[in-house]
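Colleague: First the structure, then my questions, so here it is.
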Amino acid sequence: SAESLAATAESLAATAESVAGSAESLAATAESARKAQSAANAKGAGHTHSGMTPMQQRIALYLKSKMGNNSQSAILTAFVTGSKESIGKSTKETFRSSGAAHLLALSGLHVGILFMILNRITALFSLTLAARRMRVLVVVGCTAAFLAITGFIPSLARAIIMAAICSIAKVWGYRIARAE
């Protein structure tokens, strides 16, 4: 009926406002964290002599302990933490000469790959609408954790905010127009 459609439209409008507010809040949090990180970098707080945060160092040490101290663990450390310090000059030169050096710089591409992997893994748990909504929150939460681990890189923050908005809007029933 017309009344139920109007109620649904109002509910969707409220949800859209909530999503927009959440996105603004996430962007503000990322910006304040970036500023705090910059201030900490200036003071040297939270970083060791290597320039990596303690969390990034723990991840790097874990990867080295499981994979050994080689170029593969250094590349994986760069992808996971955003720190390219452990990659040797010869490996960097190989990436540069092959035209793939941009892959070492974390960007929206990496966020898209992470979102795709997490969505595929959690797809098994999306039988009901409530489960799909929880799935989106889990995926967004995991990517937000990735953002924190990498030190709130602005390009990653933008990509995660956009992916979160699209994912939340889709599961809450909004249509996302595709560019033609």
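Take 564 as the starting number for the sequence shown in this note's numbering and just add one per residue. Just so you know, even glycine gets a beta-carbon here, dropped at the ideal spot from N, CA and C.
(1) At the level of alpha carbons, what is the spacing between S653 and I724?
(2) Please classify A608 as buried or exposed, where buried requires at least 16 neighbouring CB atoms within 10 angstroms.
(3) Flag this pair as touching only if the stretch 684-702 and the stretch 660-673 have three or more C-beta atom pairs under 8 Å; answer yes or no.
(4) Taking buried to mean at least 16 other C-beta atoms within 10 Å of its own C-beta, is F688 buried or exposed?
(5) Give the straight-line distance between the Cα atoms of L710 and E573, rounded to the nearest whole angstrom.
(6) Comparing alpha-carbon positions, which option in E656, S646, L692 lies nearest K733?
(7) If we ignore side chains and look at the alpha-carbon of each, how far apart do S649 and G704 end up?
(8) Can you tell me whether L690 is buried or exposed, with buried defined as 16 or more other CB within 10 angstroms of its CB?
(9) Which of the three DSSP states, helix, strand or coil, is assigned to I680?
(10) Are S718 and G671 closer than 8 Å when you measure CB to CB?
(11) Would you report the Cα separation of H673 and I731, rounded to the nearest angstrom?
(12) Roughly how many angstroms separate the alpha carbons of W735 and C729, rounded to a whole number?
Modeller: In this structure, then:
(1) 35 Å
(2) Note that A608 scores 44 on pLDDT, short of 50, meaning its location in the model is unreliable and no value can be drawn from it.
(3) no
(4) exposed
(5) 33 Å
(6) L692
(7) 28 Å
(8) exposed
(9) helix
(10) yes
(11) 20 Å
(12) 10 Å
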